[in-house]
Amino acid sequence: MVTNQLVLADYNLLRWIPLIPLLAVVFNLFWGRALGKKFAGALACAAVGASFALALYVFWQLPSNGIFRDSIYTWIDSGSFRVNLSFQVDALTAVMLLIVTGIGFLIHIYSLGYMEHDEGMVRFFIYLNLFIFFMLTLVTGDNLLILFVGWEGVGLCSYLLIGFWYHDSNNAIAGNKAFIVNRIGDFGFILGIFLLVTELGRQGIWTLDFLELQKHASMLSPASIGVITLLLFVGATGKSAQLPLFVWLPDAMAGPTPVSALIHAATMVTAGVYMTARLHFLFVLAPSTLSLIAWIGAATAFFAATIALTQNDIKKVLAYSTVSQLGYMFIAVGVGAFSAAIFHLFTHAFFKACLFLGSGSVIHALDGEQDMRKMGGLKAHMPQTYWTYVVATLAIAGAPLTAGFFSKDLILWQAFNHGATALWGIGLITAGMTAFYMFRQLFMVFHGECRADDHAKAHLHESPAVMTLPLMILAFGSIFTGWLGAPEYLWGNRWDLWLQPVFGAAEAHEGSVGTEVIVTLLTLAVVAVGIYFAYAKYGRDGTEVEQRAGAGGLLYRLSLNKYYVDEIYDHVFVRPFTAISDFFARFIDPWVIDGTVNGVAAVTRGSSQVWRGLQTGNVQHYAAGLLVGTLALLAYYFGQS
Amino acid sequence: MIVDVAIVALKAFLVVFMVLNLAGILGWVERKGSALIQDRIGANRASIFGFAGMGLVNTLLADPLKFLTKEDFIPPAGDKLLHTLAPCMALFPALVTFAVIPFGDVLIIGDRMINLQVANLNIGILYVFAMGSLGVYGIVIGAWASNNKFSLLGGVRGSAQMISYEVAMGLSVMGVLMVYGTLELQEIARDQGTLIRELLPSWLLFMQPIIGWLPAWGIFLQPLAFLLFFTAAVAETKRIPFDLPEGESELVAGYHVEYSGGKFLMFFAGEFAEIVTAAALVTTLFFGGWQVPYLMRDGFHFPWGATWLLPHLAVVVLQLVAFTVKVIFFCWLQILLRWSVPRFRYDQVMRLGWKMMLPLALINVVITAIVIVAAQ
Amino acid sequence: MDASTFVFFLLAGLLVISSLLVVFLRNVVHCAMALVAALLIIAIFFITLHAPMVGILQVMVYAGAIMVLFLFVIMFLNPSVLERPRAAWWSFASLLAVLLGAMLVSLFFNNEPAADPVASTELFGSPEMLAKSLFNDFVLPFEIASVLLLVAIVGAVVLAKRERSV
Amino acid sequence: MLPVNYYLILSAVVFAIGVIGVLIRRNLIVVLMSIELMLNAVNLTFIAFSRYLGSMVGQVAVFFVMAVAAAEAVIGLAIIISVYRQRRSLDPQDMQLLKW
């Protein structure tokens, strides 16, 4: 067993990684308003920067097969079941730490520029720091309960930030939608946790600790593992926007763009992937669940990609592409290639964040305009944004030697190698579509002549350095981060080596190098085709856009309207639910519930009407009562003797 | 048996006789005394065959005759029974109190030792207080039964005042009881026959030449207690300066405003009897009772060693005389008081009783206790 | 029937009569006087039962202090209205009470010879004995009683004090 | 010597009489007096037993009963006074506000 060679070490520095942002939250909560936006923002950035530095330090210290643990105190201690409030860092967690704090840091800095005109800036940074805190709790928690706390916390922050501009009721509604859909997932998740605890408890092991679980996972019966993993995966679908619970993510774009970048692209939505990876030892024991995950991932990837083809809202496109990329990750999870999944998560974090921030800077430039049909030709006005955007687009499309190329191909190769040719096929097509819709967006936004209205044109400007600098860093990342996981025929895969202690050497590349090269070339071909189509349709000028926008084929309209999924859900779930609630509100509550309560009251009242006659308020009557009691006692005594 | 009963009856009769006559004479003394103080002649009209006897006739013959022959008036709306009962209740305690007051040491006739005291209770002093506390009823009931605003006010005042001063009185006596370590008045009187030098603790021996020769009278051991007790006693007798219940100028005559004739006489006599009782108590508790300094049962033993033996009868007679003289002196003192100080206001009376005498008495008790403990 | 028995029955009769008077006289002051009489008789009982100390205390505390306080209050309030009896309640309540009395009496009415009394010493019931048992075995209750009285005094003052506003 | 149950019967009778007073009188002062009567009946039994068992405990108990009775009377009378100020009456029937 691989875990045997893991070395556990106490490391009291860990607690500070999540704690610093929390302190910043508290401070801003009380004094942020008084000290002004600038200070609050700076403080928030500093806090996240500090925990980033700490994370780096820990990462530096951490041996590949080591686990740092920081037990703060025992949270629950009932009988043999005890849960510690304690954090742990192993290779996987370290990666997540770096992503969360690193990307988070960049996005914080970006937000300094993006939100500077917003009066809610202090509140924004409080939420943002809070999110960082919960996300770090999620990834560093050493048992399922802590992870769940973080899980719910990030859900809350997501809700708060989606509805950040709550003056517009649509945003609030979008927030509610995200929250409720997540609840459904979380319900499954916590059910899974309960089942896991009880099942293990039946075997005499009362624990939620990951290492313990890993030790004793084998004791569980296959059936129960199947159910448990399934429930846990329901949670994952909720958080990571997989079918059928993906609907909240596109609406979540109502939030400020940095939020979309941080929460709904880079970090929170990947929590599901992280969770499955963290519990891989359970999932590998449930092959059926794994294949289900794989298929759902593939379906989501394909499905979302098709929707992304036709969207005109710059952020919606990115949102659906996020969903689709998450689908890729779940394909990887499904075929047991956890490290590949995490790898894609890692690279995706970079280029998707970059894309979102780029779109953000565009929106910023056009003050709030999000419809791509009203853009175009921005290349001239904002070169830095443009070039970073190009890089990120290439990366996500999977152009050679970019991060996306490596990670996506790794996944596809793993799928192919795993023998799931169908999955591989879907992935392949999706890759093509990804290339298409990304370049479509690129052309529509930056090429052709500008279609923005005049007063928007008037102050077109490149975003300030605080915004472009993170863009560049991320663009850099979206090329070179991928080189960590190069295939064997290049300089080989450092990434797997790093994560091996966690996931074990389960994923050996027995496939021959030749096939791998062929597969890769095939992918590149498909991508190239996608790019060509995009260029053909949107490359030259934006006039096409107007025409296409009007009528179109059935498929086009289907895709444009997201297959009416929202409407279907509305009819299938929401309407009946409200109807039932309405029924209860109208009949059950007033008649049955109130009836019972009032009935009890009425009975009491009625009987009191009778009995209160005894309470005359006259002392002497009470005295007589005493006397009667005494007589009764005496009579009893006489009866005895 | 018969003889014992006869002796007790005799003693009782003698005591009551003495007290009543003393009371009567005090009536005369009061008048003459007031006349003396106010530079008048005082009662001198009534005379039998030209013999006026400085008005002694008035009080001993004329007044009783007058009272007894006057109409006995009962207010129509009043309460007949209680109105009649009240004077008796006023007079009774004053008289029975004397039962426990020793007026002499033992008288030895043949082989029979007669304790010169009507009843020797082992709770003597408490008995005194018990009877004293009953004295209230006389005036309260009388006041209420006359169905008269003034008398009722007097009664209310009287009850409050007497209860208040009983407390101070009892507490002031505590010191004495602690010193002599007994409740029996006869015992207290006997203990006062010793000399202070016999009581001095070792750490006070240097005082011996100065005060050692004094008899161990209460006045020397408990001066504060004496002051308090005497004041309280005067208050109990409801005489000026404590005659709020009566208060001629405010309540006409207070509780006995509706009384006349024999009943009034009884109130009157009761008041003077109380004077005598108070005097006797003060004497017994603080002035050695029947003790004559240095007079033992067989004669004088002076501190400087000289002795003068006397026959037993002479000793007894001396004791009786000493007792009588002391009592008369204190009666005179009270009458002097009554004519020389003005009346308190009601709140002043209450303040004096509760806020000054009671704390003082308590302090006295505490100090006495400390000293006694230290002396052991 | 020797002297002591005669005295007992005499006093007992007086006691019963006076307590009946307490309950059935209509005039409050008469009731109070009857109660005083009853208390004095009980005091005499105490003294005949070799409890002279308690007997005297009975006279001092009850007859001397408490009842005077009662009289004081009676005169203070001087309630002129005579109470109107309520026939029904009257009979019911007195029936109950009589029942109680009957039960108790029948309870005590056993003709078995009473345990002959312990020969009492001269000291029995004297202040010394009382004080000894008070300050040895019952010191704590004694102190508590003193505290109770203090509290009672304060409470009485507070209760009976007339509000400044009125 | 008189058997103890003479005293017991006597006190029982007196106690019952006191109970009657408490129950039927419509003057709070008299009610209070009846309570005193009951207390004294009990005291009588105490003393009787202390005499017949030759123990001082009974007398001590009476002592304490007196203390308590004094406190009770004082407080009761104070309450009566303040009530009388409010309601101008001593009839317990006029003091029935404390109900329902």
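Chain order of the listed sequences is Z, C, G and U. The numbering of the first sequence is the working numbering, which starts it at 1 and goes up by one. The numbering of the second sequence is the working numbering, which starts it at 1001 and goes up by one. The numbering of the third sequence is the working numbering, which starts it at 2001 and goes up by one. The numbering of the fourth sequence is the working numbering, which starts it at 3001 and goes up by one. A virtual CB, placed ideally from N, CA and C, is assigned to each residue, including glycine.
| Check | Outcome |
| --- | --- |
| Listed in chain order, which residues of the stretch 610-631 of chain Z have Cβ atoms closer than 7 Å to some Cβ of chain U? | ARG612, GLN615, THR616, GLY617, ASN618, VAL619, GLN620, ALA623, ALA624 and LEU627 |
| On the three-state DSSP scale, how would you describe THR74(Z)? | strand |
| For PHE1017(C), does the three-state DSSP call read helix, strand or coil? | helix |
| Residues in its own chain within less than 7 Å of THR310(Z) by CB, not counting five upstream and five downstream? | TYR556, SER559 and LEU560 |
| Report the neighbours of TRP1144(C) on chain G: residues whose CB is nearer than 7 Å to its CB, in chain order. | VAL2029 and MET2075 |
| Under 8 Å by Cβ, that's how I've got LEU3044(U) and TYR3007(U) pegged, so tell me the actual separation to the nearest angstrom. | 6 Å |
| Taking ALA403(Z) as the reference, which of GLN414(Z), VAL391(Z) and LEU412(Z) has the closest Cα? | VAL391(Z) |
| At what residue ranges does the stretch 4-28 of chain Z contain a whole run of the beta strand (DSSP E), taking only runs of 3 or more? | 7-10 |
| Measure the alpha-carbon distance for ASN129(Z) versus LEU136(Z) and round it to whole angstroms. | 10 Å |
| Please classify LEU279(Z): is it buried, with 16 or more other beta-carbons within 10 angstroms of its beta-carbon, or exposed? | buried |
| Roughly how many whole angstroms lie between the Cα atoms of GLU546(Z) and GLU152(Z)? | Any reading at GLU546(Z) is ruled out, since the residue's pLDDT is 49, under 50, leaving its predicted position unreliable. |
| Determine the burial state of GLU488(Z): buried for a count of at least 16 other Cβ atoms within 10 Å of its Cβ, exposed for fewer. | exposed |
| MET438(Z) and ILE396(Z) look like a contact to me (Cβ under 8 Å); what is the Cβ gap, rounded to whole Å? | 6 Å |
| Do the stretch 262-280 of chain Z and the stretch 363-379 of chain Z make contact, defined as three or more Cβ pairs closer than 8 Å? | no |
| Let me make sure I understand the geometry here. Which of LEU2014(G), LEU2020(G), ALA2012(G) and TYR2062(G) has the alpha-carbon closest to that of LEU1134(C)? | TYR2062(G) |
| So is GLY1305(C) buried or exposed if we call it buried at 16+ other beta carbons inside 10 Å? | exposed |
| Could you check which residue in PHE343(Z), TRP165(Z), VAL227(Z) and TYR159(Z) has the C-alpha nearest to that of LEU191(Z)? | VAL227(Z) |
| I want to know whether the stretch 1193-1202 of chain C touches the stretch 1137-1151 of chain C - three or more CB-CB distances under 8 Å. | no |
| Would you decide whether GLY361(Z) is buried or exposed? Buried here means 16 or more other CB atoms lie within 10 Å of its CB. | For the record, residue 361(Z) in the displayed sequence is Ser; it is not Gly. With 16 or more Cβ atoms within 10 Å of its Cβ, SER361(Z) is classed as buried. |
| If you measure from the beta carbon of ILE2056(G) to each beta carbon in chain U, is any gap under 8 Å? | no |
| Can you pull the chain G neighbours of LEU3044(U), defined as C-beta to C-beta under 7 Å? | ILE2042 and PHE2045 |
| Check whether the stretch 40-53 of chain Z touches the stretch 63-73 of chain Z, counting contact only when three or more Cβ pairs, one atom from each stretch, lie closer than 8 Å. | no |
| Can you list the residues of chain G that GLN3096(U) reaches, using a CB-CB cut of under 7 Å? | Within chain G, no residue comes near GLN3096(U); the closest Cβ sits about 14 Å away, beyond 7 Å. |
| Classify LEU62(Z): buried if its beta carbon has 16 or more other beta carbons within 10 angstroms, exposed otherwise. | buried |
| Could you check whether the Cβ of PRO3092(U) sits closer than 8 Å to any Cβ belonging to chain Z? | yes |
| In chain order, which beta strand (DSSP E) runs of at least 3 residues are fully inside the stretch 3041-3100 of chain U? | none |
| For ASN143(Z), which of helix, strand or coil comes out of DSSP? | strand |
| So, does the CB of LEU633(Z) fall closer than 8 Å to a CB anywhere in chain U? | no |
| What's the call for MET1207(C), buried or exposed, on a 16-neighbour Cβ count within 10 Å? | exposed |
| Using CA coordinates, which residue listed in LEU1185(C), TRP1339(C) and PRO1215(C) is at the minimum distance from ILE1196(C)? | PRO1215(C) |
| Short of 6 Å in beta carbon distance, which residues of its chain neighbour ASN312(Z), apart from the five on each side in sequence? Order them along the chain. | ASP371, MET372 and ARG373 |
| Between the stretch 1246-1258 of chain C and the stretch 1355-1370 of chain C, are three or more C-beta pairs nearer than 8 Å? | no |
| Apart from the five residues on each side of it in sequence, which residues of its chain come closer than 7 Å, Cβ to Cβ, to VAL3019(U)? | MET3038 |
| Can you grab the Cα-Cα spacing for the pair PHE3046(U) / ALA3061(U), in whole Å? | 7 Å |
| Among the candidates SER1164(C), ALA1062(C) and LEU1177(C), whose CA atom is the shortest distance from the CA of VAL1366(C)? | LEU1177(C) |
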